[in-house]
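Inspection log for the structure reproduced underneath, given as structure tokens.
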Amino acid sequence: MNFLNKMERKFGRYAVPNLTFWLIGAWILGYIIQYTMPQVQGLLTLEPRLILHGQVWRIVSWLLIPPPVNILFLIFFISCYYFIGTSIEQAIGTFRYNVYLFGGLLCSVLGAFILYLIYYLAAGIPVTGIGYYFSTQYVTMSLFMAYASIFPNTQFQLWFIIPFKAKWLGIIDAVWMVFMFIVSNWAGRVAILASLMNFLIFFFSTRNYKKYSPHEIRRKQVYRQQMRQAQSVTKHKCAICGRTEKDGDDLQFRFCSKCEGNYEYCQDHLFTHQHIHRS
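Counted the way my numbering counts, the sequence shown spans residues 29 to 307.
Now the structure itself:
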């Protein structure tokens with residue numbers, strides 16, 4: 029976090045405000061291409077082999093391939109993720125949101141090239157088809173999981189009917205990602221891990237680990253012990269029978285003005301006790 033603070037002071041003025049607007053715009057353009065020129069999508073995928081052969085636009089053009097969404101829910105999907113993205117930006121700041129989003133995209137690109145290198149070293153021949161596994165679907169999931177960790181109690185209407193808090197939807201997303209990670213091949217696993225690396229870094233770097241330190245655990249134990257001891261101390265005690273306020277809610281205690289010293293008695297012995305005189 030200190031590193032980010034230094035980077036923000038130095039490069040914060042270069043951050044792109046309302047970055048979600050441009051991301052949504054890329055998806056809208058991608059949907060237009062998908063429904064009007066589906067054959068063009070093959071020129072947009074993140075294929076390391078083709079990038080190394082001069083098709084460098086693929087480093088960014090894969091962002092034009094939108095998440096798979098039914099056209100009937102397209103407007104709801106776009107407006108929902110615009111709200112999610114702008115909420116995250118307002119919560120963590122424009123620079124940090126830029127770092128989060130661009131960091132996730134960069135991890136995906138690096139993951140694709142690492143996967144290509146592994147396949148090339150294993151098979152000895154250039155491999156294509158890696159771009160199939162890298163899509164903006166996981167980008168949307170990393171955005172929503174970040175939103176769920178920042179605003180866990182925000183309520184959504186699932187299918188416009190069932191109320192769900194963001195934290196539960198985030199947990200469902202996480203479980204689904206773990207399941208997909210298990211059942212996928214290594215290409216799919218690398219794509220999932222690379223796409224969510226920004227969220228993992230964001231989540232674990234913003235946790236307060238001080239409460240898990242031995243000193244903090246010991247401090248809490250001592251505090252709980254002191255609280256239990258404090259609760260066992262009574263405020264009133266009869267000098268004759270020894271009863272306290274814990275022996276009954278109806279007990280009343282008074283100090284005797286005729287006794288020399290601070291002697292307190294319950295209502296049964298306040299007027300019947302023998303007064304104490306030191307002389």
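Ideal placement from N, C-alpha and C gives every residue a C-beta, glycine not left out.
Extent of the continuous beta strand (DSSP E) to which residue i belongs
i: Arg-282; result: 281-283
i: Glu-292; result: 292-294
Check whether residue i and residue j have beta carbons under 8 Å apart
i: Ser-170; j: Phe-227; result: yes
i: Trp-90; j: Gly-157; result: no
i: Met-208; j: Leu-224; result: no
i: Ala-267; j: Glu-292; result: yes
i: Ser-174; j: Phe-184; result: Residue identity check: residue 174 is Ala in the sequence provided, not Ser. Not in contact: Ala-174 and Phe-184 (Cβ atoms no closer than 8 Å).
i: Ile-116; j: Leu-92; result: no
i: Thr-48; j: Pro-94; result: no
i: Tyr-166; j: Leu-102; result: no
i: Cys-294; j: Phe-281; result: yes
i: Ile-52; j: Tyr-128; result: no
i: Cys-284; j: His-303; result: yes
i: Arg-308; j: Pro-154; result: Given a span of 29 to 307 for the chain in the structure shown, any question on residue 308 remains unanswerable.
Boundaries (first-last residue) of the alpha helix (DSSP H) holding residue i
i: Tyr-160; result: Element bounds for Tyr-160: n/a, residue is neither H nor E.
i: Ile-220; result: 214-223
i: Leu-197; result: 194-211
Expected contact under 8 Å - CB spacing of residue i and residue j to nearest Å
i: Ala-176; j: Leu-197; result: 6 Å
i: Ile-106; j: Trp-50; result: Wrong, their Cβ atoms sit about 13 Å apart, outside the cutoff.
i: Ala-215; j: Tyr-148; result: Not confirmed; about 13 Å, so no contact.
i: Ala-119; j: Ile-178; result: 5 Å
i: Asp-201; j: Phe-230; result: Incorrect: roughly 15 Å between the Cβ atoms, too far for contact.
i: Leu-74; j: Ala-140; result: 5 Å
(message) Threshold first: 4 residues or longer. Then list the alpha helix (DSSP H) segments lying entirely within the stretch 64-129, N to C.
(response) As far as the stretch 64-129 is concerned, its whole alpha helix (DSSP H) runs of at least 4 residues are 76-80, 86-89 and 102-120.
(request) Could you tell me whether the stretch 132-149 touches the stretch 210-224, where touching means 3 or more Cβ pairs closer than 8 Å? (result) Between the stretch 132-149 and the stretch 210-224 there are three or more inter-stretch CB-CB distances shorter than 8 Å, so the stretches are counted as touching.
(request) Determine, using beta-carbon pairs with one atom in the stretch 113-127 and one in the stretch 33-42, whether at least three such pairs fall under 8 Å. (result) Yes: the two stretches touch, three or more of their Cβ pairs being nearer than 8 Å.
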